[in-house]
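In order, the protein sequences belong to chains V and H.
Letter by letter, the first sequence follows residues 1 to 194 of the working numbering.
Letter by letter, the second sequence follows residues 1 to 194 of the working numbering.
Note sheet for the following structure.
Protein chains: 2
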Amino acid sequence: MRGKTFIISGPSGVGKSTVLKELLQRRDMYFSVSATTRTPRAGEVDGVHYHFVDVDTFRSMIEEEALLEHAEYVGNYYGTPKRYVDEAMEQGRDVILDIEVQGAVQVCAKRPETVRIFIAPPSWEELERRLTARGTDTQEKIQKRLQRAKIEMETAADYDYFVINDDVAHAVAELDAIMCAEHCRPAERMSQIV
Amino acid sequence: MRGKTFIISGPSGVGKSTVLKELLQRRDMYFSVSATTRTPRAGEVDGVHYHFVDVDTFRSMIEEEALLEHAEYVGNYYGTPKRYVDEAMEQGRDVILDIEVQGAVQVCAKRPETVRIFIAPPSWEELERRLTARGTDTQEKIQKRLQRAKIEMETAADYDYFVINDDVAHAVAELDAIMCAEHCRPAERMSQIV
Numbered sequence: 001m002r003g004k005t006f007i008i009s010g011p012s013g014v015g016k017s018t019v020l021k022e023l024l025q026r027r028d029m030y031f032s033v034s035a036t037t038r039t040p041r042a043g044e045v046d047g048v049h050y051h052f053v054d055v056d057t058f059r060s061m062i063e064e065e066a067l068l069e070h071a072e073y074v075g076n077y078y079g080t081p082k083r084y085v086d087e088a089m090e091q092g093r094d095v096i097l098d099i100e101v102q103g104a105v106q107v108c109a110k111r112p113e114t115v116r117i118f119i120a121p122p123s124w125e126e127l128e129r130r131l132t133a134r135g136t137d138t139q140e141k142i143q144k145r146l147q148r149a150k151i152e153m154e155t156a157a158d159y160d161y162f163v164i165n166d167d168v169a170h171a172v173a174e175l176d177a178i179m180c181a182e183h184c185r186p187a188e189r190m191s192q193i194v
Numbered sequence: 001m002r003g004k005t006f007i008i009s010g011p012s013g014v015g016k017s018t019v020l021k022e023l024l025q026r027r028d029m030y031f032s033v034s035a036t037t038r039t040p041r042a043g044e045v046d047g048v049h050y051h052f053v054d055v056d057t058f059r060s061m062i063e064e065e066a067l068l069e070h071a072e073y074v075g076n077y078y079g080t081p082k083r084y085v086d087e088a089m090e091q092g093r094d095v096i097l098d099i100e101v102q103g104a105v106q107v108c109a110k111r112p113e114t115v116r117i118f119i120a121p122p123s124w125e126e127l128e129r130r131l132t133a134r135g136t137d138t139q140e141k142i143q144k145r146l147q148r149a150k151i152e153m154e155t156a157a158d159y160d161y162f163v164i165n166d167d168v169a170h171a172v173a174e175l176d177a178i179m180c181a182e183h184c185r186p187a188e189r190m191s192q193i194v
């Protein structure tokens, strides 16, 4: 049985990486590694944190339609290579794409069967509290992230599912249920009756 | 939060009642009780096994659109009263309608948001084996049930989900996951963020 692709989007500070880390302990899935033209930081491993490529390589990937989505961010390219996603799916593994809302639109235009899940904070105050608790951003940056989060959230109505990360275990259980349910679609299942 | 309605259909002999009994131990749901004009059998309790009504009452229920679906079967009427379903949903309880494929079409025409789940046997041989094991039907009757099952299964592609009852615990877990996932839809969830 072919694997399925799940897009997970959510605002900065929502706790997405913690939730996905827990989910991957429960379900065997391929967590898609992005390609980027930015320089590796200390400790970053090619093929693990990113596929590091030069600008020419990235541009030819765009041209050859080797990317499911891509974007430019502060002078660097980022994108999702189609190849590893397809390999995983052919092996019957589900795929997680941890991408933001613009990327999700690009992927779904190409592959409408992709399942989109939005992870949201329980409240705006809680998101602000989490962003502040990280201690990595100035108050101004936090306000910008909150503004961006509100814009992103407006697109969440187009997602298939909306998971509120009020509690990590609860959010993981819901993601697990969604993925289980999506494997119960007639198109996938009916052919199994002999 | 308003409850949701789930239709469960599946061929005779698939093990639906066992699966639903287990499911109701896990989730608090209202299992819809049908109205019928047929005479109560020994041990049947009004309001528990059926709502027993006379033909005139049933006909006025049809006229007043008090039924979500109805059908005639060997000279008796059977139908799903709207009232108890709506009461349960307003109380925030999910509802199970154990109805066959024709009834499902009627309900979904009125309420397209209803979630349809088809329960199927792992194979045709297994369904025949289960029907034979019950020991209640003649071989001719079993063949008729199998024929009917194949026709019903053709409509299963229109269902939202398709659960294979290869193992009761597994089927129950999938139904549970589907119901959990269906409560993660943006329309229901987005209003919860304050």
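Quick reminder that beta carbons are idealized off the backbone N, C-alpha and C, glycines included.
Note that this is a predicted model, so its numbers are computed, not measured.
- Taking a beta-carbon distance threshold of 8 Å, V/M190 counts as an interface residue toward chain H.
- Residues of chain H with a Cβ closer than 7 Å to the Cβ of V/Y159 are, in chain order, P186.
- With a cutoff of 8 Å on beta-carbon distance, H/G79 and H/F52 are scored as not near each other.
- Taking a 10 Å sphere around the C-beta of H/V14, we find 16 or more other C-beta atoms and assign the residue as buried.
- Closest in alpha carbon position to V/I62, among V/T36, V/A42, V/E90, V/G47, is V/T36.
- The C-alpha of H/E90 is placed about 16 Å away from the C-alpha of H/L97.
- Annotation note: the stretch 89-136 of chain H contains the following uninterrupted beta strand (DSSP E) runs of length 3 or greater, listed N- to C-terminal: 94-98, 115-120.
- Chain V places no beta carbon closer than 8 Å to that of H/E113, leaving this residue out of the contacts.
- When the five nearest sequence neighbours on each side are left out, the beta carbons in the same chain lying within less than 6 Å of the beta carbon of H/Y159 are those of R116, F118, in order along the chain.
- At the C-beta level, H/R27 and H/D94 come within 8 Å of one another.
- The beta carbons of V/C184 and H/I178 sit about 6 Å from each other, so the pair counts as a contact at 8 Å.
- With a cut-off of 8 Å on Cβ pairs, the stretch 160-180 of chain V is in contact with the stretch 168-182 of chain H, counting three or more such pairs.
- For V/A171, the enclosing alpha helix (DSSP H) has its first and last residue at 168-182.
- Of the residues assessed, V/A169 falls on the exposed side of the cut-off, its CB having fewer than 16 other CB atoms within 10 angstroms.
- Within the same chain, no residue comes within 6 Å of V/L20 by CB-CB distance, once the 5 residues on both sides are set aside.
- Taking 7 Å as the cut-off between beta carbons, the residues of the stretch 161-187 of chain H near chain V are Y161, F162, V163, I164, E174, A177, I178, C180, A181, C184, R185, P186, in sequence order.
- In this structure, the straight-line span from the alpha carbon of H/M1 to that of H/G92 is close to 5 Å.
- Residue state for V/E63 is assigned as helix, using DSSP reduced to three classes.
- In this structure, DSSP gives V/I142 a helical state, which the three-state scheme calls helix.
- Annotated three-state conformation of V/D46 is strand, per DSSP.
- In this structure, V/A109 keeps its C-beta atom at 8 Å or more from the C-beta atom of H/P186.
- Between V/T114 and V/T5, the C-beta spacing is below 8 Å.
- Under DSSP, H/S9 forms a beta bridge with H/F118.
- Legend: CB atoms of the stretch 129-149 of chain V lying less than 8 Å from CB atoms of chain H are not found in any residue.
- Around the C-beta of H/V194, fewer than 16 other C-beta atoms lie within 10 Å, and the residue is accordingly described as exposed.
- For V/A120, the residues of chain H that pass the 9 Å Cβ criterion are R189, M190, Q192, I193, in the order they occur in the chain.
- Relative to V/I151, the option among V/Y50, V/A171, V/W124 whose CA is nearest is V/W124.
- In terms of beta-carbon proximity, V/A156 lines the interface with chain H, with at least one pair separated by less than 8 Å.
- C-alpha of V/H49 to C-alpha of V/R111: approximately 25 Å in a straight line.
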